[in-house]
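Visitor:
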Amino acid sequence: MGWRLELAKGANTTVPSRAVRVSLASTLPVDVVDLFALELGARRRVRDDGDLVFYNQRRSADGCLWLVDDRCVRITLGELPDVVESVVVAASLDDAWTGAFADDAGLRVRIDAAGGSAWDGPGLDGPFTVRHEVTVEGAERCVVLVELYRREGGWKVRAVSQGWTAGTAALLTEHGVHVEEDPVPAASAPPAPVPARPGPVPPARAGGPPARGGAGRPS
Numbered sequence: 001m002g003w004r005l006e007l008a009k010g011a012n013t014t015v016p017s018r019a020v021r022v023s024l025a026s027t028l029p030v031d032v033v034d035l036f037a038l039e040l041g042a043r044r045r046v047r048d049d050g051d052l053v054f055y056n057q058r059r060s061a062d063g064c065l066w067l068v069d070d071r072c073v074r075i076t077l078g079e080l081p082d083v084v085e086s087v088v089v090a091a092s093l094d095d096a097w098t099g100a101f102a103d104d105a106g107l108r109v110r111i112d113a114a115g116g117s118a119w120d121g122p123g124l125d126g127p128f129t130v131r132h133e134v135t136v137e138g139a140e141r142c143v144v145l146v147e148l149y150r151r152e153g154g155w156k157v158r159a160v161s162q163g164w165t166a167g168t169a170a171l172l173t174e175h176g177v178h179v180e181e182d183p184v185p186a187a188s189a190p191p192a193p194v195p196a197r198p199g200p201v202p203p204a205r206a207g208g209p210p211a212r213g214g215a216g217r218p219s
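Here the UniProt record's numbering is used: the first residue of the sequence shown is 1, the next is one more, and so on.
1) Whether or not the region 23-31 and the region 166-175 are in contact is what I'm after, with contact meaning three or more pairs of Cβ atoms, one per stretch, closer than 8 Å; do they touch?
2) Nearest CA to the CA of Leu24: which residue from Ala37, Pro16 and Ser17?
3) How long is the line joining the alpha carbons of Ser26 and Arg71, rounded to whole angstroms?
4) List the endpoints of the continuous alpha helix (DSSP H) containing Leu171.
5) Given a cut-off of 8 Å on the beta-carbon distance, is the pair Ala11 and Ala105 in contact?
6) Look up Leu52 in the DSSP assignment and give the residues it is bridged to.
7) Considering only the alpha carbon of each residue, which of Ala91, Arg21 and Val157 lies closest to Arg55?
8) Taking contact to mean at least 3 C-beta pairs separated by less than 8 Å, is the region 84-98 in contact with the region 138-146?
9) Looking at the strands, I want to know which residues DSSP matches up with Glu6.
10) What is the DSSP secondary structure of Gly78, reduced to helix, strand or coil?
11) Take Glu79 and list the residues in its own chain whose beta-carbon comes closer than 7 Å to its own, dropping the five residues that flank it on each side.
12) CB Thr76 to CB Arg18, shorter than 8 Å?
13) Do you know offhand how far Arg110's Cα is from Glu137's?
14) For Gly99, count the other beta carbons within 10 Å of its own beta carbon; 16 or more makes it buried, fewer makes it exposed. Which is it?
15) May I have the straight-line CA-CA distance separating His132 from Glu174, to the nearest angstrom?
16) Tell me the residue span of the beta strand (DSSP E) that contains Cys142.
17) With respect to the beta strand (DSSP E) encompassing Ser26, which residues constitute its N-terminal and C-terminal limits?
18) Would you mind stating whether Thr13 and Val179 have Cβ atoms separated by less than 8 Å?
19) Since Leu52 and Arg58 are thought to touch, with beta carbons under 8 Å apart, how far apart are those beta carbons, to the nearest angstrom?
20) Judging by CA-CA distance, which residue of Leu7, Arg141, Ala114 and Glu152 is the nearest neighbour of Arg74?
21) Confirm, please, whether the CB-CB distance from Asp103 to Pro81 is below 8 Å.
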């Protein structure tokens with residue numbers, strides 16, 4: 001028989017499982033919200049880019065993070081290297097979407113044992129379920145949802161619900177991930193000037209001086 005707990009923003013609780021799933025519920029279209037997670041060590045930075053999972057890199061280098069689908073990441077806490085002190089789970093909005101997370105009234109996170117059932121479904125297999133209603137104000141398009149961290153030989157989870165005003169690239173850079181910026185297109189050369197049309201040639205003046213080498217000098 002498992003137990004359920006609702007976490008308010010800033011609250012934390014013990015994670016009594018070696019592997020968990022962190023799932024995101026949203027009223028926005030699936031292809032609009034990008035879920036990602038980071039393994040953080042000393043100074044809250046990744047060891048390298050292999051400590052990140054996102055839509056284009058679904059497994060971490062050590063295999064402990066797995067982006068199961070666009071709304072769920074599986075974290076094997078019991079196999080994380082000792083140098084990993086915490087795991088941050090965050091979400092961002094696709095660049096083509098013009099809104100913000102504050103517009104999503106149904107943004108929620110659920111953390112349960114890796115063998116648990118679907119969101120709010122019956123027959124939970126895991127020993128625990130933690131839920132958190134994400135609250136974001138303002139125009140933030142990137143938000144840290146929850147953080148799992150080591151504490152006294154075990155793991156705990158904190159409900160963060162913190163919008164990242166500077167954006168996804170800034171969040172990743174802050175935690176040591178190398179972000180490739182889109183190349184700035186080279187300035188095109190200015191078009192060659194159009195040559196001016198020649199003006200009309202004035203007629204030769206009558207009685208002008210003879211051309212050099214023409215008729216001899218007058219006697």
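From the three backbone atoms N, C-alpha and C, an ideal C-beta is built for every residue, glycine too.
Guide: Working from what's here:
1) no
2) Ala37
3) One alpha carbon belongs to Ser26, the other to Arg71, and they sit about 9 Å apart.
4) Residues Thr168 to Glu174.
5) no
6) Leu38
7) Sequence check: residue 55 is Tyr here, not Arg. Considering only alpha carbons, the answer is Ala91.
8) yes
9) Arg131
10) helix
11) Cys64
12) yes
13) When rounded, the distance between both Cα atoms is 20 Å.
14) In summary, Gly99 is exposed, with fewer than 16 beta-carbon neighbours lying within 10 Å of its beta-carbon over all protein chains present.
15) Straight across, the Cα-Cα distance linking His132 with Glu174 is about 25 Å.
16) Note, Cys142: beta strand (DSSP E), Cys142 to Arg151.
17) Where Ser26 is concerned, there is no enclosing beta strand (DSSP E), given that its DSSP letter is neither H nor E.
18) no
19) With a Cβ gap of about 11 Å, Leu52 and Arg58 do not count as contacting.
20) Considering only alpha carbons, the answer is Ala114.
21) no
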